[in-house]
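In the numbering used here, the protein residues as written are 876 to 1473.
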């Protein structure tokens, strides 16, 4: 139990943009108030975290709260600052008790909710369409279902819509076929050309129907986002494998970037639109089971806060890239490192669907075979190595290079997975540290990597020997590897692996970060058809159940098409799920009306 002296204490903790300073009021061995005195965090996603953190710390009397509230690093900076403050008040024992916001409510029971009589259950609320998840798919589905006349409740287990893959993404939406922005930039593209490209990178591993649906609706849904929803797009970039596939399709820029250059530029307008059209949101609630009647028709959802009834249920709960046990079973390459997606990706929706007989598809497939390095608790960032202009190499546990590093990230991920322990050390120097955040993908690291080094996720040293000791590599071998590299680049040629890009020599100080296969999320999950209806193991639809986004499988093929494609899939099939679910409600209503007149 804490033994604290009453008073007001100041503390500070490192965030992504500098120190976060707080004042903590202590009275009767409790934290009664937390005030943020100074912060320089990025506005947008960080705003919600900084607003919620003080309230949650006071409410739960703990500074050790799982950051399911938005910007993880900003939230954790507040927690570090509060810890610093209460340590000055005396003995803070007990205030470090771990709190998982997803499980603060007691489960009602361990009942089986399959094949029950729903009339025997108590429901907290009911609606036409129940959406589980407030990410790209869930928000798009909610808007569309409301616009089709259905009442909608959206359940989200975090305390904000701000913690989804969409929010944490770089702010891209991938669309071809001739969007208005493509045309304004003079980019020539057709639906046929885009489809040929997706077929080329898919190599037959993608579901043809889902691919054609994305091609058919991707461009029009871009116009919907830009026009009706109010997303501000800045430019279109070519960030994919277009050049490698030029024999199959004419290369064209398709990654549409928001003005904010962040997924916040997508999530905020979608959430505001969903609120505007009348979606009811319930946050801090965890869906646990689908409720089915005696005929296995889905009639609602059991949550940790009671039962909710609906005529149509849409699962949009993301994939399972944060669930280590599921990764070990289906995609072990990705169990080594960390996902750089949302921490909500635990496979809940996939498990719920499987429990009632839903078919699973492509569970081995990631959204992107990418690479990432852990930069904080539950935080992983992806180094954009192919765009770096300062020296870097990758070395295995033997302190040696094993292949050229300037390859497409899809191939690099597989190469790294094949090495001892499935990871490499990314070695670089202060040249790249000083080019932050351009050297990494979202979420951006701190300037000069100050916080990452301070927290111990990145290592920094003045000599190669010291760096090797910090990462448990053989100093002599690593020194020889760096010497060989520097000699080669002085001669203008990588004599080991014929690398073509970024042939520059290292200068002290040196940095190291563990680099492993990583992904924003997995791309396997529930099997759906082109109406977003969830299918069973006999490819028959499960009545009243729909799914979209990375909860589903089949939408991508062997190689990731390019930045923003995961968002495109979620928006396209989210809108389709919303329309199908609303139509299902109308069909049921019409049938009920007809029956009443017999």
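From the three backbone atoms N, C-alpha and C, an ideal C-beta is built for every residue, glycine too.
Predicted model only: the values in this text are computed from it and were never measured.
Worksheet entry | Spatial distance of residue 1459 from residue 1273 (CA atoms) | Along the chain shown, one-based indexing puts residue 1459 at 584. Along the chain shown, one-based indexing puts residue 1273 at 398. Going by the C-alpha atoms only, they are around 59 Å apart.
Practice prompt. Between the Cα of residue 1154 and those of 1168, 1007, 1136, 1067, spot the shortest distance and give me the residue it belongs to.
Written response: Along the chain shown, read from residue 1 onward, the residue named residue 1154 stands at position 279. Taking only the C-alpha atoms, the option nearest residue 1154 is 1007.
Worksheet entry | Span separating the alpha-carbon of residue 981 from that of residue 970 | Counting from 1 along the chain shown, the entry for residue 981 is found at position 106. Counting from 1 along the chain shown, the entry for residue 970 is found at position 95. Per-residue confidence for residue 981 stands at a pLDDT of 42, beneath the threshold of 50, marking its modelled position as unreliable; the derived number appears in the next sentence. Each residue's alpha carbon lies about 21 Å from the other.
Discussion item. How far does the beta strand (DSSP E) with residue 1177 in it extend, from its first residue to its last?
Written reply: If you number the chain shown from 1, residue 1177 lands on position 302. Element bounds for residue 1177: 1173-1178.
Practice prompt. Could you tell me how far apart the beta carbons of residue 959 and residue 888 are, in whole angstroms, since I believe they sit closer than 8 Å?
Written response: Translated into positions along the chain shown, residue 959 becomes position 84. Translated into positions along the chain shown, residue 888 becomes position 13. Confirmed, about 6 Å.
Worksheet item: If we count the other Cβ atoms within 10 Å of its Cβ and call it buried at 16 or more, is residue 979 buried or exposed?
Response: Position 104 of the chain shown, counted from the start, is the residue given in the question as residue 979. Because the pLDDT at residue 979 is just 41, under 50, the model does not fix this residue reliably, and the value given afterwards should be weighed accordingly. Residue 979 comes out exposed.
Discussion item. Here's the rule: buried if 16 or more other CB atoms are within 10 angstroms of the residue's CB, otherwise exposed. What is residue 1198?
Written reply: Counting from one through the chain shown, the residue named residue 1198 turns up at place 323. Counting Cβ neighbours within 10 Å, residue 1198 comes out buried, since at least 16 surround it.
Worksheet item: In whole angstroms, what separates the C-alpha of residue 1039 from that of residue 1064?
Response: Numbered from 1 along the chain shown, position 164 holds the residue referred to as residue 1039. Numbered from 1 along the chain shown, position 189 holds the residue referred to as residue 1064. Using only the alpha carbons, I get a separation of about 30 Å.
Fill in: One or two residues paired with residue 1049 in a DSSP bridge
If you number the chain shown from 1, residue 1049 lands on position 174. 1130, per the DSSP bridge assignment.
Fill in: Contact the stretch 1395-1405 vs the stretch 1421-1438: 3+ CB pairs below 8 Å
yes
Worksheet item: Is there at least one Cβ from chain B nearer than 7 Å to residue 1446's Cβ?
Response: No chain B is present in this structure, which holds just one protein chain.
Worksheet item: So, residue 1292 versus residue 1337, is the Cβ gap smaller than 7 Å?
Response: As a first step, residue 1292 must be located in the chain shown, where it is residue number 417. As a first step, residue 1337 must be located in the chain shown, where it is residue number 462. No, the Cβ-Cβ distance between residue 1292 and residue 1337 is not below 7 Å.
Worksheet entry | Contacting residues, own chain, Cβ-Cβ under 6 Å from residue 910 (five flanking each side not counted) | On the chain shown, residue 910 is found 35 positions in, with the first residue counted as 1. Only 898 meet the Cβ criterion.
Worksheet item: Between which two residues does the beta strand (DSSP E) harbouring residue 1388 extend?
Response: Counted from its first residue, the chain shown places residue 1388 at position 513. Its beta strand (DSSP E) spans residues 1385-1393.
Discussion item. Tell me the rounded alpha-carbon separation between residue 1327 and residue 882.
Written reply: Start at 1 with the first residue of the chain shown, and residue 1327 comes out as number 452. Start at 1 with the first residue of the chain shown, and residue 882 comes out as number 7. For residue 1327 and residue 882, the distance between alpha carbons rounds to 32 Å.
Fill in: Residue from 1172, 1267, 1324, 1220 with nearest C-alpha to residue 1415
Locating residue 1415 in the chain shown gives position 540, counting from the first residue. The shortest Cα separation from residue 1415 among 1172, 1267, 1324, 1220 belongs to 1172.
Worksheet item: Is residue 1413 buried or exposed, if buried means 16 or more other CB atoms sit within 10 Å of its CB?
Response: In the chain shown, residue 1413 corresponds to position 538, counting from 1. It is exposed - the Cβ of residue 1413 has fewer than 16 other Cβ atoms within 10 Å.
Practice prompt. May I ask you to verify whether the stretch 1198-1211 touches the stretch 1025-1041, counting CB pairs closer than 8 Å and requiring at least 3?
Written response: no
Discussion item. If contacts are defined as beta-carbon pairs under 8 Å, then residue 901 and residue 884 qualify, I think. What distance do you get, rounded to the angstrom?
Written reply: Sequence index remark: in the chain shown, residue 901 carries index 26 (1-based). Sequence index remark: in the chain shown, residue 884 carries index 9 (1-based). Yes, residue 901 and residue 884 are in contact; Cβ-Cβ is about 7 Å, under 8 Å.
Worksheet item: To the nearest angstrom, how far is it from the Cα of residue 1330 to the Cα of residue 1381?
Response: Residue 1330 sits at position 455 when you count from the first residue of the chain shown. Residue 1381 sits at position 506 when you count from the first residue of the chain shown. Computed Cα separation, rounded: 24 Å.
Worksheet entry | Given residue 1423 as reference, the closest of 1406, 1095, 993, 1114 once Cα atoms are compared | Position 548 of the chain shown, counting from 1, holds the residue named residue 1423. Looking at the Cα atoms, 1406 is the closest of the given residues.
Discussion item. Using a 10 Å radius around the Cβ and a threshold of 16 neighbouring Cβ atoms, would you call residue 1080 buried or exposed?
Written reply: Counting from 1 along the chain shown, the entry for residue 1080 is found at position 205. Burial call: exposed.
Worksheet item: Less than 7 Å separating the beta-carbons of residue 1227 and residue 1263?
Response: The residue labelled residue 1227 in the question sits at position 352 within the chain shown. The residue labelled residue 1263 in the question sits at position 388 within the chain shown. Not a contact, by the Cβ cut-off of 7 Å.
Discussion item. Assuming the contact rule is C-beta atoms closer than 8 Å, residue 1450 and residue 1015 should be a hit. Round their C-beta distance to whole Å, please.
Written reply: Position 575 of the chain shown, counted from the first residue, corresponds to residue 1450. Position 140 of the chain shown, counted from the first residue, corresponds to residue 1015. Right, their Cβ atoms sit about 5 Å apart.
Worksheet item: In three-state DSSP terms, what is residue 1428?
Response: On the chain shown, residue 1428 is found 553 positions in, with the first residue counted as 1. Looking at residue 1428 - three-state DSSP - the assignment turns out to be strand.
Item to complete: Report the residue from 1391, 1253, 1213 whose alpha carbon sits nearest the alpha carbon of residue 1286.
Response: Within the chain shown, residue 1286 is the residue found at index 411, counting from 1. Answer by Cα proximity: 1391.
Discussion item. To test your reading of the DSSP string, which unbroken alpha helix (DSSP H) runs of 4 or more residues are found completely within the stretch 1187-1219?
Written reply: 1199-1205
Discussion item. Between the alpha carbons of residue 974 and residue 941, how many angstroms are there, rounded?
Written reply: Against the chain shown, residue 974 aligns to sequence position 99. Against the chain shown, residue 941 aligns to sequence position 66. Cα-Cα distance, rounded: 6 Å.
Worksheet item: In whole angstroms, what is the alpha-carbon distance linking residue 1224 and residue 1238?
Response: As a position in the chain shown, residue 1224 is number 349, starting the count at 1. As a position in the chain shown, residue 1238 is number 363, starting the count at 1. C-alpha separation (whole angstroms): 13 Å.
Discussion item. In this structure, how does DSSP classify residue 1398 when only helix, strand and coil are distinguished?
Written reply: In the chain shown, residue 1398 corresponds to position 523, counting from 1. Residue state, collapsed to three classes: coil.
Discussion item. Contact defined as beta carbons within less than 8 Å: I believe residue 1004 pairs with residue 1185. What is the distance between those atoms, to the nearest angstrom?
Written reply: Translated into the one-based positions of the chain shown, residue 1004 becomes position 129. Translated into the one-based positions of the chain shown, residue 1185 becomes position 310. 6 Å between Cβ atoms; contact.
Worksheet entry | Coil, strand or helix - residue 1320 by DSSP | In the chain shown, the residue the question calls residue 1320 occupies position 445. It is coil, neither helix nor strand.
Worksheet entry | Reduced DSSP secondary structure (H/G/I, E/B, other) of residue 1448 | Here residue 1448 corresponds to residue number 573 of the chain shown, with the count starting at 1. Three-state result, residue 1448: helix.
Discussion item. With a threshold of 7 Å on Cβ separation, who are the neighbours of residue 1053 within its own chain once the five nearest residues in sequence on each side are excluded?
Written reply: One-based indexing of the chain shown puts residue 1053 at position 178. Excluding residues within five positions, the ones whose Cβ falls inside 7 Å are 1064, 1065, 1094.
Worksheet item: Do residue 1034 and residue 1159 have their CB atoms nearer than 7 Å?
Response: Against the chain shown, residue 1034 aligns to sequence position 159. Against the chain shown, residue 1159 aligns to sequence position 284. Yes, Cβ-Cβ distance for residue 1034 and residue 1159 is below 7 Å.
Discussion item. Since residue 1453 and residue 1018 should fall inside the 8 Å C-beta cutoff, what is the C-beta to C-beta distance between them, to a whole number of angstroms?
Written reply: Within the chain shown, the letter at position 578 stands for residue 1453. Within the chain shown, the letter at position 143 stands for residue 1018. Indeed, because the Cβ distance is near 7 Å, the residues count as touching under 8 Å.
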